[in-house]
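Peer 1: Below is a structure I'd like to ask you about.
There are 2 protein chains.
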Amino acid sequence: MTTTHDDVARTPAPRAGHRVPTLVDVAEAAGVSIKTASRALNGEPNVADATRGRVRAAASTLGFTLNSAASQLRRGTAVRTVGLVVGDLANPFYMGLATGVEHALREHGLQLTMASSDEDAATEHAIVEDLVHRRATGILLVSTLDEHGELRSVGDRGVPLVLVDRAPSGIEADAVVIDNVAGTTAAIAGFVARGHRRIAFVGDLERLSPQRERYAAYAAALAAAGLPLDPALVVRGSHSAVAAEGAVRDLLALDEPPTAVFTANNRVTIGAIGAFRDVAHPPALVGFDHFELADALGITTVGADTAALGREAVAALLRRGDGEHVPATRALPATLVARGSGERAPA
Amino acid sequence: MTTTHDDVARTPAPRAGHRVPTLVDVAEAAGVSIKTASRALNGEPNVADATRGRVRAAASTLGFTLNSAASQLRRGTAVRTVGLVVGDLANPFYMGLATGVEHALREHGLQLTMASSDEDAATEHAIVEDLVHRRATGILLVSTLDEHGELRSVGDRGVPLVLVDRAPSGIEADAVVIDNVAGTTAAIAGFVARGHRRIAFVGDLERLSPQRERYAAYAAALAAAGLPLDPALVVRGSHSAVAAEGAVRDLLALDEPPTAVFTANNRVTIGAIGAFRDVAHPPALVGFDHFELADALGITTVGADTAALGREAVAALLRRGDGEHVPATRALPATLVARGSGERAPA
DNA sequence: GTGAAAGCGCTAACAT
DNA sequence: ATGTTAGCGCTTTCAC
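Heads up: the sequence lines are chains W and E, in that order. Numbering of the first sequence is given in this note's numbering, commencing with residue 1 and proceeding in unit increments. Numbering of the second sequence is given in this note's numbering, commencing with residue 1 and proceeding in unit increments.
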């Protein structure tokens, strides 16, 4: 289905040759003034019930609905909506985040609208610009950018922005992230304490700051334990579970395979689980990011509470505007939950 | 030049004494007419590069951004955005759906904005109304309502609507759903063929039409096999994995526990997996809805391709507006994928 | 390449 | 309880 000409968007009118009705049409049809029609349809007081009924009927008959562009323009009010921009709608990490965000917003009478950048810079830009133009109450952004300088203009134009999960770079902005270093360090230190000396790292795209932080912490933890960093045991850039599964299979096929594997996010962990499926004695495994079935699968994970991440992001957003405020990055703790896979001794 | 006072948009008017700049301000600051400023900022042709630069600089200095409410009002164009309204942002089923929707929309240059009704009728109504007022290109709705009559006005007001996953009731509307009957029948028939006679049903809220359809198909399949429908083996209304886990534990504790369990959606299946964790000889299990880790866990599932569901929903939306069109419900097949858990023989 | 005037559809302010 | 008028900020004529 690769037709370039789609039609729907260009048909604002219900039926061709049929003007979109305006308040004037409704007022006329109901035999009242335009202002009365407006009052009636907006549920304002001081309209006789009978009048309100006639206006509503007229609106319904004509297929009229208030035009929010016009209302907003006249009222000059900001939309009570916060935008959440994530990189991938299918990642459970973002779903937990979205849930936390939504519930926190609801407490403040704010609505959530979510969009995906598909990890594409141009798409991210378009979404953010749209939110700014629409004067959203705020933007929560899991940015796909390496450098966030261009986002300065968002705040400059009056829309509060909070970066989520990825640390700000080249910009002073509010951010809520995970303590990747502490989490990773705990995982690797646990392996070391159990006598592992060949500890593999399997990560996602290096472009993503959490991935860089987790890798750096991995390297540092090895160094701290006096262990060499063997490049053969490091795979980065596995951006799908399938890719990660292949990478882990390759590790297992080495002459000297790792006795422990650290997977640097949920998708990579899923891949590793797949690679271990038919292996009699798989290496120890600790994955970054908790996931629902980790318990059932007995997979040890280290991670943050994603709903809390969402709540914190909203809190940071709402703090903006409470007078003078210095942009700050808040890191949520990542806790290690032992479920068996991480506690296996070296072969 | 980035030191403008930005203030939160929580209050209708920004900071007292600090007007939000308009195109007039920019034009003045740049020493051009308002129209030239508009042209420059919209990237229209016939503006000298030098002029464009001055206008852009002025806008940046003033913290100006185009007001989309005003632009849209004047242009009279519909937003190229489709709204997807789901009941629960944390449900992987919806995330697969959203991914399919998004990719299909992208091919048509449309943007996706997603919101959650949290399975609440009032929230759903508010979100849908907002999309109608904003004259969205279309609405894809996983409705939490039992009765969809009130949604008639959406189409009447010129916004195409497609119901997703839940069948329309009390309204003639386009819909894309899953063939719940065929899927469930296949699952139960499989159990019967393996000699199971005590087959439990664990479902989510009866309010949801897919749940009702799956239950009805379960009952019909038992009847077709000449098996009694034992109310002790039926649990409905488990709306969380935790609740489902408890329900399944109770089933296992029966004097005559089931030898097979059918779980009527992904959340319930997760609960059953939890309940089975420490059970030496768990009953057979088939769950409705596929999920990523079903493979790794060896869980037999029956379900539809959620991404395909999303693509179909978009296709249905775009078909609307192609002149005369009879609302139709399209059902996607649900296929059974055997992975072990469903093929266990009765104890 | 640039500008002046008109008006998109609605609501605030002030009538009545 | 209802009506009149003005104008929100922008883009569309149509002029220059």
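Beta carbons are placed, not taken as given, at the ideal position from N, Cα and C, and that holds for glycine. Treat the numbers as computed from the prediction; the structure is a model and nothing was measured.
At 3 residues or longer, and completely inside the segment 182-220 of chain W: list those beta strand (DSSP E) runs for me, N to C.
Peer 2: 199-202
Peer 1: According to DSSP, is E/V314 part of a helix, a strand, or is it coil?
Peer 2: Note: E/V314 maps to helix in three-state DSSP.
Peer 1: Suppose the cutoff is 6 Å on Cβ atoms and the five residues either side in sequence are ignored; what does the same chain contact list for E/V164 look like?
Peer 2: Around E/V164: L140, V142, V176 and A313.
Peer 1: With distances taken from CA atoms, which of W/A331, W/T123 and W/A182 is nearest W/A221?
Peer 2: W/A182
Peer 1: Just to confirm the assignment, what range does the beta strand (DSSP E) spanning W/I178 have?
Peer 2: D174 to I178
Peer 1: Please name the residues in the segment 114-137 of chain W whose beta-carbon is closer than 9 Å to at least one beta-carbon of chain E, in chain order.
Peer 2: Listed by position along the chain: M114, A115, S116, D118, T123, A126, I127, E129, D130, V132, H133, R134, R135, A136 and T137.
Peer 1: Let's test the definition: count the other Cβ atoms within 10 Å of the Cβ of E/A345 and tell me whether it reaches 16, buried, or not, exposed.
Peer 2: Under this definition E/A345 is an exposed residue.
Peer 1: Looking at W/A167: is its Cβ nearer than 7 Å to the Cβ of W/S117?
Peer 2: By the CB criterion at 7 Å, W/A167 and W/S117 fall outside the cutoff.
Peer 1: Starting from the beta carbon of E/E292, find every residue of chain W whose beta carbon is closer than 8 Å, and list them in chain order.
Peer 2: A241 and I270
Peer 1: I'd like to confirm the pairing. Which residues does DSSP put opposite W/G303 in its beta bridges?
Peer 2: W/T335
Peer 1: Check whether chain E comes within 7 Å of W/L73, counting only Cβ atoms and requiring the distance to be less than that.
Peer 2: Yes, because at least one Cβ of chain E sits closer than 7 Å to the Cβ of W/L73.
Peer 1: Can you pull the DSSP bridge partners for W/G287?
Peer 2: W/T263 and W/T301
Peer 1: Residues in the same chain with beta-carbon distance under 8 Å from E/D250, minus the five sequence neighbours each way, listed in chain order, please.
Peer 2: V235
Peer 1: First and last residue of the alpha helix (DSSP H) that includes W/L251?
Peer 2: A241 to L252
Peer 1: In whole angstroms, what is the alpha-carbon distance linking E/F93 and E/A304?
Peer 2: 10 Å
Peer 1: If you drop the 5 nearest sequence neighbours on each side, which residues of the same chain put their C-beta closer than 8 Å to that of E/H239?
Peer 2: Result list for E/H239: D204, L205 and R267, in chain order.
Peer 1: Would you grab the beta carbon distance between W/Y218 and W/I188 for me? Rounded to a whole angstrom, and I think it's under 8 Å.
Peer 2: Indeed they touch by this definition, with Cβ atoms about 6 Å apart.
Peer 1: Reducing DSSP to helix, strand and coil, say where W/V235 ends up.
Peer 2: Three-state result, W/V235: strand.
Peer 1: For my contact list, W/G342 and W/G138 are in at a C-beta cut-off of 8 Å; report their separation, rounded to the angstrom.
Peer 2: The distance from the Cβ of W/G342 to that of W/G138 is about 38 Å, inconsistent with a contact at the 8 Å cut-off.
Peer 1: When DSSP labels each residue in this structure, what does E/V132 get in the three-state scheme?
Peer 2: helix
Peer 1: Classify W/T61: buried if its beta carbon has 16 or more other beta carbons within 10 angstroms, exposed otherwise.
Peer 2: exposed
Peer 1: Quick one: which chain W residues come within Cβ less than 8 Å of E/R52?
Peer 2: Using a Cβ-Cβ cut-off of 8 Å, E/R52 is close to nothing in chain W; its nearest Cβ partner there is about 17 Å away.
Peer 1: On the DSSP bridge assignment, give the partners of E/L151 in chain order.
Peer 2: The partner list for E/L151 (beta bridge, DSSP) is empty, contrary to what the question assumes.
Peer 1: Is it buried or exposed, E/E147, if we count other Cβ atoms within 10 angstroms and call 16 or more buried?
Peer 2: exposed
Peer 1: Using a Cβ distance threshold of 8 Å, determine whether the segment 192-204 of chain W contacts the segment 259-278 of chain W, with at least three qualifying pairs required.
Peer 2: Verdict: yes, contact present.
Peer 1: Chain E partners of W/P92, CB-CB under 7 Å?
Peer 2: P92
Peer 1: List, in order along the chain, the chain E residues whose C-beta lies closer than 8 Å to that of W/S60?
Peer 2: S153 and D156
Peer 1: Indicate whether the contact test is met: 3 or more Cβ pairs, each with one atom in the segment 87-101 of chain W and one in the segment 265-285 of chain W, closer than 8 Å.
Peer 2: The segment 87-101 of chain W is in contact with the segment 265-285 of chain W.
Peer 1: Could you say which of W/R320, W/A121, W/V26 and W/D230 lies nearest to W/V86 if we only look at CA atoms?
Peer 2: In terms of CA proximity to W/V86, W/A121 leads the group W/R320, W/A121, W/V26 and W/D230.
Peer 1: Are the Cβ atoms of W/G76 and W/L131 separated by less than 7 Å?
Peer 2: no
Peer 1: Closest to E/D174 by C-alpha separation, out of E/R320, E/A48 and E/A334, would be which residue?
Peer 2: E/R320
Peer 1: Could you give the distance in angstroms between the alpha-carbon of E/R19 and the alpha-carbon of W/R330?
Peer 2: 32 Å
Peer 1: Is the CB of W/I273 under 7 Å away from at least one CB in chain E?
Peer 2: yes
Peer 1: Should E/E172 be labelled buried (16 or more other beta-carbon atoms within 10 Å of its own) or exposed?
Peer 2: exposed
Peer 1: From W/A328 to E/A59, what distance separates their C-alpha atoms?
Peer 2: 27 Å
Peer 1: Within the continuous beta strand (DSSP E) that includes E/I34, where are the two ends?
Peer 2: Looking at the DSSP string, E/I34 is not in any beta strand (DSSP E); the run it does join, the alpha helix (DSSP H), is I34 to L41.
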